[in-house]
Structure formats: structure tokens, C-alpha cells
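J.: There's a structure below that I have some questions on.
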Amino acid sequence: MNRSAGLLSALYLATSTGLAWTALLALRQGPSWAACLFAAASLVPVIAVVRESVLQDQRRTLAEMRVRADGPGTGAADDIVRAELDTACCERWWTSCGTDHDSTCPRRVPRSSVA
50 MNRSAGLLSA
60 LYLATSTGLA
70 WTALLALRQG
80 PSWAACLFAA
90 ASLVPVIAVV
100 RESVLQDQRR
110 TLAEMRVRAD
120 GPGTGAADDI
130 VRAELDTACC
140 ERWWTSCGTD
150 HDSTCPRRVP
160 RSSVA
């Protein structure tokens, strides 16, 4: 967890502690509805701490995925795709999965009716 996320989590926990303390004081001396309200409010910062840790885990996973994507072997895949695209001779050949050529294609092989 980086410093800003740690500081924010500490602030959330301090707020939660203060709200829980206020809930206890309201339970002893004040109306019970106020105690319930402060007790429920003291849970919100705890949820925020959990959310911060989940976001941090997601950021770490994303950074690891980026490192793996930029690692060795990615240039080879790009080279293979580029070579395949360069060898495509005509639009019809490309769209027919290599089974037919345009009439103006230099690689067109005339079909014979000889069996």
C-alpha cells in the first residue's frame, strides 16, 4: 500500500473509532436512535478501508499484467501478424480465408475443368 492510501486508511480508521466512541457515549447518555445512527456511521469508514485495499490489489494486478504484456515475446507475435498481413495478396483471398482470388490478382491460379 502506498503512502497516500495508507494515510487515507489511517484517517478512515480514526474516523471510525471516533464515531464508535460517540455511539457509546450516545448509548449511555443520549437517545438510542442516535446511538444506532453513530454505530452505523462508524461502519462506513471500515468499508472504505476495505475498498482501498481492494483497489490497491487491483492496481498491483494491473501493473503485473502490463509488465507481462511488455515482456519478451510480444514483438514476435507482432512480427508474425505483420508478415501475414504483408503476404495477403488480394481482398477476396483475405475474406475467403485463402480459397479464392480476385480476377486481377497476380497469384490467381486458373481452375481447370480437367478431371
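Quick note, our numbering runs 49 ahead of the 1-based positions in the sequence shown. Using N, Cα and C, we set each Cβ at its ideal position, and we do this for glycine too. For clarity, every value in this text was computed on a predicted model and none was experimentally measured.
1. For the alpha helix (DSSP H) holding D106, just list the boundary residues, first then last.
2. I'd like the list of long-range same chain contacts for P94, defined as Cβ closer than 7 angstroms, with 5 residues on each side in sequence excluded.
3. Less than 8 angstroms between the beta carbons of A84 and A75, yes or no?
4. Just to confirm the assignment, what range does the alpha helix (DSSP H) spanning S53 have?
5. Judging by CA-CA distance, which residue of A69, D151 and L134 is the nearest neighbour of R141?
6. Relative to the alpha-carbon of C154, which residue among L111, C138 and L57 has its alpha-carbon at the smallest distance?
T.: So, from the listed chains and residues:
1. S81 to A118
2. Y61, L62, T64 and S65
3. yes
4. R52 to Q78
5. D151
6. C138
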